[in-house]
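A.B. asks: First the structure, which I've put down as structure tokens, then a few questions once you've had a look.
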Amino acid sequence: MIIKTLTLENFRVFSGRHDINLMPEVGSPIVLFGGLNGAGKTSILTAIRYALLGRMAFDEVTSQKGYIEHLSGLIHHSNHISDPLRASVEITFAYIREGKAVEYHITRTWSSGEADTLVVIENDVIRSELNYEQAQAFLLELVPSGVANLVFFDGEKIADLAEDNNGFALKDAVSKLLGLNIVQRLQEDLRIYLKRVGISSATTQLQTEFETLESEKLLYLQEARQLRNDADNHYNVITELSRQVNVAEQKLLSGGGAWANDREETKKEVDSLLISKQDSETELLKELDGCYPLSLAPNTLAMLSEHLKQESDYQSRQHFSVQFEQFLPQLQDALANSQLQSNATLAILQNEISTFTQSIKLPEVEFGISVQQSGLLHSQIESLSQQSSDKVNKLKVILTALEDTIDSAAVNIERAPEKEQLKIAFDELRALELTKKEAVKKYTDKLLNAKEKFIKAQQVAQRLLKLHTDMKRAFGDNDSAARAASVIELLNQLKEHLSQVRITQLESEFNTSYKKLARKDDLDIKASIDHNNFNVTLYNNNKRNIDRKSMSAGEKQIYAIAMLDALAKVAGKKLPIVVDTPLGRLDSKHRNKLIENYFPEASEQVIILSTDTEVDAGFFDVLAGKISQSYQITFDAKTQSSFIDKGYFWQSEDLPEVV
1 MIIKTLTLEN
11 FRVFSGRHDI
21 NLMPEVGSPI
31 VLFGGLNGAG
41 KTSILTAIRY
51 ALLGRMAFDE
61 VTSQKGYIEH
71 LSGLIHHSNH
81 ISDPLRASVE
91 ITFAYIREGK
101 AVEYHITRTW
111 SSGEADTLVV
121 IENDVIRSEL
131 NYEQAQAFLL
141 ELVPSGVANL
151 VFFDGEKIAD
161 LAEDNNGFAL
171 KDAVSKLLGL
181 NIVQRLQEDL
191 RIYLKRVGIS
201 SATTQLQTEF
211 ETLESEKLLY
221 LQEARQLRND
231 ADNHYNVITE
241 LSRQVNVAEQ
251 KLLSGGGAWA
261 NDREETKKEV
271 DSLLISKQDS
281 ETELLKELDG
291 CYPLSLAPNT
301 LAMLSEHLKQ
311 ESDYQSRQHF
321 SVQFEQFLPQ
331 LQDALANSQL
341 QSNATLAILQ
351 NEISTFTQSI
361 KLPEVEFGIS
371 VQQSGLLHSQ
381 IESLSQQSSD
391 KVNKLKVILT
401 ALEDTIDSAA
411 VNIERAPEKE
421 QLKIAFDELR
431 ALELTKKEAV
441 KKYTDKLLNA
451 KEKFIKAQQV
461 AQRLLKLHTD
471 MKRAFGDNDS
481 AARAASVIEL
491 LNQLKEHLSQ
501 VRITQLESEF
511 NTSYKKLARK
521 DDLDIKASID
531 HNNFNVTLYN
541 NNKRNIDRKS
551 MSAGEKQIYA
561 IAMLDALAKV
571 AGKKLPIVVD
581 TPLGRLDSKH
591 RNKLIENYFP
601 EASEQVIILS
611 TDTEVDAGFF
621 DVLAGKISQS
631 YQITFDAKTQ
641 SSFIDKGYFW
651 QSEDLPEVV
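Now the structure itself:
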């Protein structure tokens, strides 16, 4: 299938008629649309899906009334008074059917408040024999909705598969792909038929018992659903109470509640710190009254110390000379009584002592202090002043730290309100928490009661199953009933066989696709899919399981795209790939792998709806050889509508507008 053209008229953000050529060239499968967020990229995807799938394009629509309302919302609206009341979407595509090339032109037209009309033209001939339902069924034969969801998708679809830890999204995709949902619906219809046949053929006693048990089961189910609804209501109450508790906690914190518990301890700590500060200040004053001032003028005091030393030395020598003069008569008498040459010896002694006492220059006497006083002062200058200076510096550091701690503690004390001020906030919070606790208990009780009712309904259902077996004997040789029962079993076998075959194929296709798209430094993973619940188990080459939650965001996105690619290949239909904002959640390296290895090879036609930050200038250059058509969608704030130009962003300036 190749989409040739798409025509939008008054559709969503597009005002008026817009004809878009989507025909790819041979070897260049990519048709690239560029647009900022809100410009209309999603409108292109929605139009393609709607043109082919009709009501099934909108998952959220569950009724005809809702469908009509949704269609009315798709008509372009702006601030102008003369808004259009009618819109249409047309799509032309080539399709190989039974080995022959066929061209189809599909037109959907609708007005506000009305259902749409559907016209199918095959090779320029209107298929007028098809009514609306038949025409839609015909289109779904060409493009099944389950397959369309795998080839016409957006970033949200990728995210759903990427975060599908329970397998629900994959199970839904595979079920629709294989038509298992239709098989299940057929089985349910057959079971209903069997019940009706069984009831009509059974004895009065069995019929009465069956109807009684059926009513009992329905009653249990009704009560269980009611209890579950009540539980949901309590859960909503719990959610609201949780919000109120958070508000009350924030109110308490903003009012200083976080500091209240430590207020008294902080006060005691401050009292202790103040005592320590007073002790340190006393020590500091003691040092300031002592030798510390001497350390403030070290150069001057060094000169003073040297001068005092000289004075002290001179005084010592003079004192020695005086003492010797006093001792000299005694020495002379001693020498006279000896046999030594007293006169010569005495002369030598007198000469040496005179030389010793006169060898020092008489200093200028400024202080005239004693030798003992000089020694004490010298000790204070040389030693005690330095010790005092070191101690003062330490005390200053201690005092600074104490003052900072006291200041911080004082701020905390100021932040903390008095207990009386907090009482109201605490009481409010406590009341909310108690109310929440009661709501949680009610919620739990309702759930347990609902579970009990469901169990009882299940027990009754088992009794009904046994009774149903008895009733089957009652209609005995009823041929249609026997065939229906046989078909149900055959359908079970069909589902199991289809699942096994297709899932094995899906695993193989996924492994091939992921290996092609993953980077070298990504996890080397393979997939194993459970045939019953469709849970995906990923494992590496060493057969060790890989926790999906541990995968990076980029690896999860690549996993999801690889799974979509595999599902599309298993579908067996060569359909175009239409993808809206596929790269928004990927880093540049993973984007590069998709740009190089996925888009150019994903299908014979790949329509990409991108922002300028997804397919940027660098990626555009990489894809250039594979791009056959490129467009830019621009939103005009004045007209409140979008228009389409040929060329991608920076290319579109000199190219004409698409009409």
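Position 388 (the sequence shown) corresponds to 388 in the UniProt record's numbering; numbering is contiguous. For every residue, glycine included, the Cβ atom is placed at its ideal position computed from N, Cα and C.
Could you say which of 554, 637, 526 and 101 lies nearest to residue 546 if we only look at CA atoms?
C.D. replies: As a working note, residue 546 is residue 546 in the sequence shown. Selected option, being the one with the closest Cα: 526.
A.B. asks: Beta-carbon separation of residue 37 and residue 611 under 8 Å?
C.D. replies: Taking the sequence shown and counting its residues from 1, the one referred to as residue 37 is at position 37. Taking the sequence shown and counting its residues from 1, the one referred to as residue 611 is at position 611. In this structure, residue 611 lies closer than 8 Å to residue 37 by Cβ.
A.B. asks: DSSP on residue 183, reduced to helix/strand/coil?
C.D. replies: As a first step, residue 183 is located in the sequence shown; it is residue number 183 there, counting from the start. In the structure shown, residue 183 sits in a helix (DSSP, three-state: H, G or I).
A.B. asks: Take residue 638 as the anchor and find which of 620, 78, 52 and 173 has the nearest alpha-carbon.
C.D. replies: Counting from one through the sequence shown, the residue named residue 638 turns up at place 638. Of 620, 78, 52 and 173, the residue nearest in Cα terms is 78.
A.B. asks: Starting from residue 120, follow the alpha helix (DSSP H) in both directions and report where the run begins and ends.
C.D. replies: Taking the first residue of the sequence shown as 1, we reach residue 120 at position 120. Not the alpha helix (DSSP H): residue 120 falls in the beta strand (DSSP E), residues 117-122.
A.B. asks: Which residue marks the beginning of the beta strand (DSSP E) containing residue 529, and which one marks its end?
C.D. replies: Residue mapping note: residue 529 aligns to position 529 of the sequence shown, counting from 1. Element bounds for residue 529: 526-529.
A.B. asks: Buried or exposed for residue 285, please, with buried defined as at least 16 other CB atoms from any protein chain shown within 10 angstroms of its CB.
C.D. replies: Here residue 285 is taken as the residue at index 285 of the sequence shown, counted from 1. Answer is exposed; the Cβ neighbour count stays below 16.
A.B. asks: So does the region 98-114 actually touch the region 17-35, counting three or more Cβ pairs closer than 8 Å?
C.D. replies: Flag = no, the region 98-114 and the region 17-35 do not touch.
A.B. asks: What separation, rounded to the nearest whole angstrom, lies between the Cα atoms of residue 238 and residue 246?
C.D. replies: Along the sequence shown, one-based indexing puts residue 238 at 238. Along the sequence shown, one-based indexing puts residue 246 at 246. Each residue's Cα considered, the two are about 12 Å apart.
A.B. asks: Give the list of continuous beta strand (DSSP E) stretches no shorter than 3 residues that lie fully inside the region 570-623.
C.D. replies: The region 570-623 contains these whole beta strand (DSSP E) runs: 577-580 and 606-610.
A.B. asks: Assuming residue 273 and residue 424 are in contact, meaning their beta carbons sit under 8 Å apart, how far apart are those beta carbons, in whole angstroms?
C.D. replies: If you number the sequence shown from 1, residue 273 lands on position 273. If you number the sequence shown from 1, residue 424 lands on position 424. Not quite, the Cβ-Cβ distance comes to about 32 Å (not below 8 Å), so this is no contact.
A.B. asks: Exposed or buried, what is residue 51 when buried is set at 16 or more other beta-carbons lying within 10 Å of its beta-carbon?
C.D. replies: As a position in the sequence shown, residue 51 is number 51, starting the count at 1. With 16 or more Cβ atoms within 10 Å of its Cβ, residue 51 is classed as buried.
A.B. asks: Can you tell me whether residue 6 is buried or exposed? The criterion is at least 16 other CB atoms within 10 Å of its CB, across all chains shown.
C.D. replies: One-based indexing of the sequence shown puts residue 6 at position 6. Burial call: buried.
A.B. asks: With a CB to CB cut of under 8 Å and the five nearest residues on each side skipped, what residues in its chain are close to residue 589?
C.D. replies: The residue labelled residue 589 in the question sits at position 589 within the sequence shown. Result list for residue 589: 519 and 554, in chain order.
A.B. asks: Alpha carbons only, please: which of 29, 119, 4 and 636 is nearest the one belonging to residue 605?
C.D. replies: Residue 605 sits at position 605 when you count from the first residue of the sequence shown. Cα-wise, what sits closest to residue 605 is 29.
A.B. asks: To the nearest angstrom, report how far apart residue 599 and residue 516 are at their CA atoms.
C.D. replies: Your numbering for residue 599 matches position 599 in the sequence shown. Your numbering for residue 516 matches position 516 in the sequence shown. So the two alpha carbons sit approximately 12 Å from each other.
A.B. asks: Spatial neighbours of residue 451 within its chain, please: CB distance less than 7 Å, with the 5 preceding and 5 following residues excluded, ordered by chain position.
C.D. replies: Position 451 of the sequence shown, counted from the start, is the residue given in the question as residue 451. Same-chain partners within the cutoff: there are none.
A.B. asks: Is the beta carbon of residue 213 less than 8 Å from the beta carbon of residue 457?
C.D. replies: Looking up residue 213 in the sequence shown gives position 213. Looking up residue 457 in the sequence shown gives position 457. No, the Cβ-Cβ distance between residue 213 and residue 457 is not below 8 Å.
A.B. asks: So for residue 22, helix, strand or coil by DSSP?
C.D. replies: As a working note, residue 22 is residue 22 in the sequence shown. Coil.
A.B. asks: For residue 622, which residues of its own chain have a beta-carbon under 6 Å away from its beta-carbon, when the five flanking residues on both sides are left out?
C.D. replies: Taking the first residue of the sequence shown as position 1, residue 622 is located at position 622. Excluding sequence neighbours, residue 622 sits near 595.
A.B. asks: What do you get for residue 580, buried or exposed, if any count of 16 or more other CB atoms within 10 angstroms of its CB means buried?
C.D. replies: Residue 580 sits at position 580 when you count from the first residue of the sequence shown. Looking at its Cβ environment, which holds 16 or more other Cβ atoms inside 10 Å, residue 580 is buried.
A.B. asks: What first and last residue would you give for the alpha helix (DSSP H) that runs through residue 53?
C.D. replies: Position 53 of the sequence shown, counted from the first residue, corresponds to residue 53. Unbroken alpha helix (DSSP H) run through residue 53: 41-53.
A.B. asks: Residue 155 and residue 582 - do their beta-carbons sit closer together than 8 Å?
C.D. replies: Along the sequence shown, read from residue 1 onward, the residue named residue 582 stands at position 582. Along the sequence shown, read from residue 1 onward, the residue named residue 155 stands at position 155. Yes, the Cβ-Cβ distance between residue 582 and residue 155 is below 8 Å.
A.B. asks: What separation, rounded to the nearest whole angstrom, lies between the Cα atoms of residue 665 and residue 498?
C.D. replies: Outside the displayed span of the chain (1 to 659) sits residue 665, for which this structure offers no information.
A.B. asks: Looking at C-alpha atoms only, which residue of 460, 542 and 12 is the closest neighbour of residue 215?
C.D. replies: For the purposes of this step, residue 215 is identified with residue 215 of the sequence shown, where counting begins at 1. The residue with the shortest Cα to Cα distance from residue 215 is 460.
A.B. asks: Among all the DSSP beta bridges, which residues are the ones paired with residue 152?
C.D. replies: Residue mapping note: residue 152 aligns to position 152 of the sequence shown, counting from 1. Residue 152 is bridged to 578.
A.B. asks: Apply the 10 Å Cβ neighbour rule to residue 132 and answer buried if 16 or more other Cβ atoms are within range, or exposed otherwise.
C.D. replies: On the sequence shown, position 132 is the one that residue 132 refers to. Exposed.
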